[in-house]
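For reference, the structure discussed in these notes is given below.
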Amino acid sequence: MIFKKLNDVHIKPAMRRRLRFATLSMLNQILLIALAIAWIVHITIIAVYDAVYFEENNPAILWAEISTLAVILIFSIYIFILQIKRFGERREDTGERRRASDRSAEDTGERRRESDRKADDRA
Numbered sequence: 135m136i137f138k139k140l141n142d143v144h145i146k147p148a149m150r151r152r153l154r155f156a157t158l159s160m161l162n163q164i165l166l167i168a169l170a171i172a173w174i175v176h177i178t179i180i181a182v183y184d185a186v187y188f189e190e191n192n193p194a195i196l197w198a199e200i201s202t203l204a205v206i207l208i209f210s211i212y213i214f215i216l217q218i219k220r221f222g223e224r225r226e227d228t229g230e231r232r233r234a235s236d237r238s239a240e241d242t243g244e245r246r247r248e249s250d251r252k253a254d255d256r257a
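Written out as C-alpha cells, the structure is:
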C-alpha cells in the first residue's frame, strides 16, 4: 500500500539525482562513524590489556569480515569519486549563476542610468 503510493509520486530527474547522492553520502557517513567506533573499541582493548587479543578461528567468519571491509572500502572510494565530480559541477553551475547575476546587475545599472537621464531631462 505504502509502496504503491510512493511509486505514484513523480520526482524530477535532477531532484532524483540529488536525492540519490544525498542518500549515498549519508550512508557513507554512517559507515564512517561505525568504523570509527569500532576503531576506538579496538584501541581501547589494546590499551587495557597491553596486547591484541583478536583471533578468529572460523575461516568463514574471517572471510566474511574481510569481504565486508572490501565492500565498504570500494563503496567509500565510489562516494569519494562522486563527491569530487559534484564539486566540479557545482563550480560550473556557480559560474553560470554568477554570469547571470552579473547580467542582471548590469541591466539594473543601465536602468538606473536611464532613469537618471530622464530625471535630468525633466529638470
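Counting along the sequence shown from 1, when you hit position 119 you're at 253 in my numbering, and nothing is skipped either side.
The beta carbon of each residue, even a glycine, is placed where N, CA and C say it ideally should be.
Quantities reported herein were computed from a predicted structural model and do not represent experimental measurements.
Original post:
Is there contact between the segment 209-224 and the segment 156-175, where contact requires at least three CB pairs shorter than 8 Å?
Top reply: Three or more beta-carbon pairs separated by less than 8 Å link the segment 209-224 to the segment 156-175, which places the two stretches in contact.
Original post:
Is there at least one non-hydrogen atom of the ligand NAP closer than 7 Å to the beta-carbon of Asn162?
Top reply: No copy of the ligand NAP appears in this structure; indeed no ligand is present at all.
Original post:
Out of curiosity, what's the CA-to-CA distance linking Asn192 and Lys146?
Top reply: If you draw a straight line from the Cα of Asn192 to the Cα of Lys146, it is about 49 Å long.
Subject >> Endpoints, the alpha helix (DSSP H) within which Phe155 is located >> reply: If you look at Phe155, you'll find it in the alpha helix (DSSP H) that goes 147-183.
Original post:
If we ignore side chains and look at the alpha-carbon of each, how far apart do Ala204 and Ala148 end up?
Top reply: For Ala204 and Ala148, the distance between alpha carbons rounds to 31 Å.
Original post:
Is there a Cβ from chain C that is less than 8 Å from the Cβ of Ala172?
Top reply: Among the protein chains of the structure shown there is no chain C, as only one such chain exists.
Subject >> Inter-residue spacing [alpha-carbon to alpha-carbon] between Glu189 and Gln217 >> reply: One Cα belongs to Glu189, the other to Gln217, and the distance between them is close to 37 Å.
Subject >> C-alpha distance - Arg151 paired with Ala181, whole-angstrom precision >> reply: Answer to the nearest angstrom: the Cα atoms are 45 Å apart.
Subject >> Assumed close pair Ile179, Tyr187 - CB separation to whole angstroms, cut-off 8 Å >> reply: That belief holds up - the Cβ atoms of Ile179 and Tyr187 are roughly 7 Å apart, short of 8 Å.
**OP:** Could you say which of Phe221, Ala172, Asp184, Lys219 lies nearest to Glu199 if we only look at CA atoms?
**Re:** It is Ala172 whose Cα lies nearest to the Cα of Glu199.
**OP:** Please state if the CB of Leu165 and the CB of Ile206 are separated by a distance shorter than 8 Å.
**Re:** The answer is yes: Cβ separation under 8 Å.
Subject >> For Ile167 and Asp184, the rounded distance between their alpha carbons >> reply: If you take the alpha carbons of Asp184 and Ile167, they lie about 25 Å apart.
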